[in-house]
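Notes to accompany the following structure.
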Amino acid sequence: MFDLRAIRQTPEEFDANWARRGLSPQTPEILALDETKRALQTELQELLAERNEKSKEIGKIKSQGGDAEAIMAEVASLKDKIASLEEKQKEAEEALKTKLSGIPNQLAEDVPDGPDEDHNVEVRRHGEPKALNSEPKDHVDIGEGLDMMDFATAAKMSGSRFVLLHSGLARMERALAQFFLDTHTSEHGLTEVSAPLLVNTKTMFGTGQLPKFRDDQFKTFSTDYLVDKELLEESGLSKGLMTYNRDLWLIPTSEVSLTNIVAEEIIDEETLPRRYTAFTPCFRKEAGSAGKDTRGMIRMHQFYKVEMVSVTAPDKSEEEHERMTGCAENLLKKLELPFRTIVLCSGDSGFTVRKTYDLEVWIPSQETYREISSCSNCWDFQARRMNARCRAKGEKDTKFVHTLNGSGLAVGRALVAVMENYYDPADGGVFVPDVLKPYMGGMEKITPKG
RNA sequence: GGAAGAGUGGCAGAGUGGUUGAAUGCACUGGUCUUGAAAACCAGCAAGGAUGCAAGUCCUUCCAGGGUUCGAAUCCCUGCUCUUCCGCCA
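Okay, so the first sequence: first residue is 140 according to the numbering used here, each after it adds one.
As structure tokens, then:
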């Protein structure tokens with residue numbers, strides 16, 4: 140969300156920034172809605188002030204035993220006017236909020252301009268892809284060769300974009316997650332959190348998944364709710380029943396749960412930054428990805444991810460962004476996987492984001508780098524949506540915090556990367572990276588069953 | 001799932017229809033005193049918004065939504081959360 144005062148002052152700057160994402164000018168509509176809302180609000184407040192004053196007078200007269208009939212009638216006559224203005228004001232406010240909640244974040248100045256992912260800019264590179272003396276095998280062939288990766292059975296129970304892992308691969312997935320978490324907590328100073336996987340609508344709004352990306356989310360529903368909804372429609376009862384809502388959303392990333400920890404809070408600025416990490420499954424509809432990455436484990440409806448989230452004071456988020464990206468890179472270095480870091484261009488940057496670094500790991504079978512982590516500075520965008528603020532000692536005013544999130548790392552994709560980069564064509568096995576051995580009982584290599 | 005109770009400012013906790021945005025205590029901030037600190041004393045201390053050059057004025061908010069009323073923290077309805085007990089369960 141945005142600072143309306145700032146938009147009023149320099150609308151052209153906001154439009155120019157949004158234009159970098161390919162948006163047409165947004166401020167004329169925003170300012171018009173804002174104008175309407177404020178005019179109604181002022182009018183309403185004048186009436187309310189009149190009502191309050193006269194009501195107080197009635198109280199005074201009555202306490203002195205006088206007759207207040209005349210003035211009571213006067214106030215009563217204001218009632219309808221106030222009710223209708225209240226309605227209009229609420230509608231105007233709603234319209235403004237709807238408009239604002241669908242507009243993406245402002246981009247940082249140093250985000251390169253460009254229409255799509257082909258215009259992202261490489262920042263640095265680490266490691267060299269190994270020269271292969273045979274055709275590279277992709278992770279599906281490797282996994283099925285090991286008899287430890289099973290898409291068919293997953294499809295039977297859940298449809299496409301699900302998978303079962305067995306034995307060594309299942310254990311390696313777990314080992315990766317443990318290794319990531321332990322490195323974050325012991326070396327990077329993050330606090331491990333175990334948080335809800337099902338969250339309410341307000342929470343999904345806070346981090347920006349709703350309302351715009353509704354179609355990408357999985358939603359649960361409860362029969363209780365349906366019963367009540369039917370009752371509601373039949374009875375034509377008040378809207379009050381609508382607030383009874385046990386429907387929950389499956390998190391698409393633990394960024395949602397971790398960032399919303401500070402929703403509605405006022406934090407002592409001295410206690411910032413807060414740095415969280417969590418290992419959770421993530422659930423995504425992948426609605427817009429039909430036909431994309433249909434083979435293998437790259438794009439699943441359910442996958443594991445270790446997430447990092449930082450909450451900082453407003454002047455500290457840029458350095459925190461670099462730090463966070465470094466934490467993710469550190470994991471790939473320890474795994475000895477070749478990767479590069481890129482900065483996303485304007486057209487490829489996400490809705491909530493001011494600036495994003497992607498880490499891309501080398502995937503031999505595709506002879507290219509593929510995304511394995513995305514580290515973003517959301518600035519005050521999410522904080523405004525979830526009303527998360529901080530206050531410096533001795534200061535009266537509160538400020539919106541800045542929030543950042545990054546994968547550290549996507550576990551499924553990390554498994555893919557390890558399988559392909561550590562593949563041994565001699566026997567179809569997969570060497571265990573040194574850092575994972577302690578997590579796999581000292582195992583040196585995953586070898587085919589039997 | 002059933003029963004009972006409760007949700008008020010950073011915390012604790014008064015307040016059951018009328019100058020209550022809210023007593024009091026703690027915490028916090030400034031001051032007096034002190035070599036310094038503590039104690040004591042004095043003063044200040046919610047958030048969001050509208051309007052205005054500003055000083056200020058006004059509006060909203062006592063879990064949330066709806067209702068009654070000239071007027072709601074206070075009365076009614078619905079929901080949510082928490083506590084205790086029972087049931088069920090990993």
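Ideal Cβ placement from N, Cα and C applies to all residues, glycine included.
Around ASP355, the same chain offers GLN348, PRO391, ARG423, LYS424, GLU425, ALA426, GLY427 as residues with beta carbons nearer than 8 Å, after the five sequence neighbours per side are excluded. Of the residues assessed, ASP563 falls on the exposed side of the cut-off, its CB having fewer than 16 other CB atoms within 10 angstroms. The continuous beta strand (DSSP E) containing ILE511 extends over residues 507-516.
Straight across, the Cα-Cα distance linking LEU186 with ALA207 is about 20 Å. Unbroken alpha helix (DSSP H) stretches of 4 residues or longer found wholly inside the region 274-300: 278-285, 290-297, given in chain order. Annotation: the continuous alpha helix (DSSP H) that includes MET463 extends over 456-474. Taking the CA atoms as reference points, ALA402 sits about 18 Å from GLU409. By the 16-neighbour rule on beta-carbons within 10 angstroms, ASP497 is buried. Contact annotation: the region 478-494 touches the region 242-253, with at least three C-beta pairs closer than 8 Å. The shortest CA-to-CA distance from GLU475 to any of PRO412, ALA522, ASN560, THR416 is the one to ASN560. Between TRP501 and TYR508, the C-beta gap is smaller than 9 Å, which places the two residues in contact. Under the criterion of beta carbons closer than 8 Å, LEU387 and ASN339 qualify as touching, at roughly 6 Å. Under the Cβ criterion (8 Å, minimum of three pairs), the region 462-476 does not count as touching the region 427-441.
Under the three-state reduction of DSSP output, HIS305 falls in the coil class, being neither helix nor strand.
Judged by their CB atoms, VAL550 and PHE319 are nearer to each other than the 9 Å cut-off. Under the three-state reduction of DSSP output, ILE481 falls in the strand class.
The beta carbon of HIS278 sits closer than 8 Å to those of MET288, GLY435, MET436, SER504, LEU554, VAL555, MET558, GLU559, all from its chain and outside the five residues before and after it, given in chain order. Assignment of LYS494 by DSSP, reduced to helix, strand and coil, places it in the strand class. Of the candidates ARG353, LEU172, PRO268, PRO275, the residue whose Cα lies closest to the Cα of GLU230 is LEU172.
In the three-state DSSP reduction, ASP563 falls in the strand class (E or B). Look at GLN441 here: in three-state DSSP terms it is strand. MET525 has its alpha-carbon roughly 8 Å from the corresponding atom of PHE344. Taking every protein chain shown into account, the CB of SER273 has fewer than 16 other CB atoms within 10 angstroms, so this residue is exposed. If you check the CB distance, THR451 and THR542 come in under 9 Å. Contact check for GLU446 and ASN544: beta-carbon distance about 7 Å, within the 8 Å limit, so the pair qualifies. The beta carbons of ALA417 and VAL492 sit about 20 Å from each other, so the pair does not count as a contact at 8 Å.
When only Cα atoms are considered, SER223 and PHE141 end up about 28 Å apart.
Annotation note: the region 145-172 contains the following uninterrupted alpha helix (DSSP H) runs of length 4 or greater, listed N- to C-terminal: 150-158.
In the DSSP assignment, TYR415 forms a beta bridge with THR330, VAL448. For PHE318, the secondary structure class from DSSP, reduced to helix, strand or coil, is helix. Per DSSP, reduced to three states, the secondary structure at ARG264 is strand. At the C-beta level, LEU271 and LEU548 stay beyond 9 Å of one another.
DSSP places SER546 in no alpha helix (DSSP H) but in the uninterrupted beta strand (DSSP E) bounded by 541-549. By the Cβ test, the region 144-158 is not in contact with the region 198-218, since fewer than three Cβ pairs between them sit closer than 8 Å. Between the alpha carbons of ASP321 and ILE281 lies a distance of about 28 Å.
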